[in-house]
Amino acid sequence: DAKTTQPPSMDCAEGRAANLPCNHSTISGNEYVYWYRQIHSQGPQYIIHGLKNNETNEMASLIITEDRKSSTLILPHATLRDTAVYYCIVSFPRGGSNYKLTFGKGTLLTVNP
Amino acid sequence: EPEVTQTPSHQVTQMGQEVILRCVPISNHLYFYWYRQILGQKVEFLVSFYNNEISEKSEIFDDQFSVERPDGSNFTLKIRSTKLEDSAMYFCASTVGQGGQPQHFGDGTRLSIL
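One line per chain: the protein sequences are P and Y, in this order. The letter at position 11 of the first sequence is residue 11 when you use the working numbering, and the numbering goes up by one with no holes. With positions in the second sequence counted from 1, the corresponding number in the working numbering is that position plus 1000.
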């Protein structure tokens, strides 16, 4: 699985967009990009994932560059409850389905009032 | 929205004792996982399970660990003879397993070994 690089920490003002970058320059063509977050010691919470195209759901948007070597998670209107560690993970579903997630240290996003 | 549930939320056990952590994955999911997170450290993969057998396991998952799906709904992790270093949060996850669909995690069991 490709390795990812994320900044250790970021700050964001409440109500503003939070843009969290991730570098995955060694990603291969069949690897997906997954974003999770973890609040305190709760279980990792799935946010969004993508393969090639940009994706949007009710939580966030995922922008993947054309060469797929980096991506950005966008939280459009950050709230205090979005303060968490955000993980960008690249993984390939072996056999189309089974894959493990390799967590790094992630980015600690602090949303300030 | 369906979710992965784990019990107990906190388990305190004497060193050397056996412990069983329980998980109820999302009902239509087919792939099941255990991860652990030692306090202050990264979330680490332990094992994946599909079709009643282990698909992949990490170096952490030694002979002291075992997994089972005893009744078609529960998914358990057993540690036979616990050590102090087994103290951690243990997370269960599941996925439907189609086309890279995401894993969904439970809120974990905090295991404290005394």
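Note that CB positions come from ideal geometry on N, CA and C, so glycine has one too.
Item                                                                                                                                                                                          : Value
Along chain Y, which residues have their Cβ under 7 Å away from the Cβ of L101 (chain P)?                                                                                                     : F1045 and Q1103
Does the separation of the CB atoms of T1082 (chain Y) and Q1017 (chain Y) fall below 7 Å?                                                                                                    : yes
Let me check one thing: in DSSP terms, what residues is F1065 (chain Y) bridge-paired to?                                                                                                     : Y:I1079
Give, in chain order, every residue of the stretch 1040 to 1066 of chain Y whose Cβ lies closer than 7 Å to some Cβ of chain P.                                                               : K1042, V1043, F1045, S1048, Y1050, S1055 and E1056
Using the Cα positions of S1087 (chain Y) and L1114 (chain Y), report the straight-line distance between them to the nearest angstrom.                                                        : 9 Å
My assumption, with CB atoms under 8 Å, is that I63 (chain P) sits in contact with N54 (chain P). Please give the rounded CB distance.                                                        : 5 Å
Might you give, ordered along the chain, the residues of its own chain that have their beta carbon closer than 6 Å to the beta carbon of F1032 (chain Y), omitting 5 neighbours on each side? : P1025, F1049, F1075 and S1094
Please report the straight-line C-alpha distance between N1052 (chain Y) and I1060 (chain Y), rounded to a whole angstrom.                                                                    : 20 Å
Does the Cβ of Q1098 (chain Y) have 16 or more other Cβ atoms within 10 Å, making it buried, or fewer, making it exposed?                                                                     : exposed
Less than 7 Å separating the beta-carbons of F1065 (chain Y) and G43 (chain P)?                                                                                                               : no
Restricting to Cα atoms, I'd like to know which of P:P113, P:V111, P:L101 and P:Q45 is closest to T160 (chain P).                                                                             : In the structure as shown, chain P begins at 1 and stops at 113. Residue 160 (chain P) is therefore absent and cannot be evaluated.
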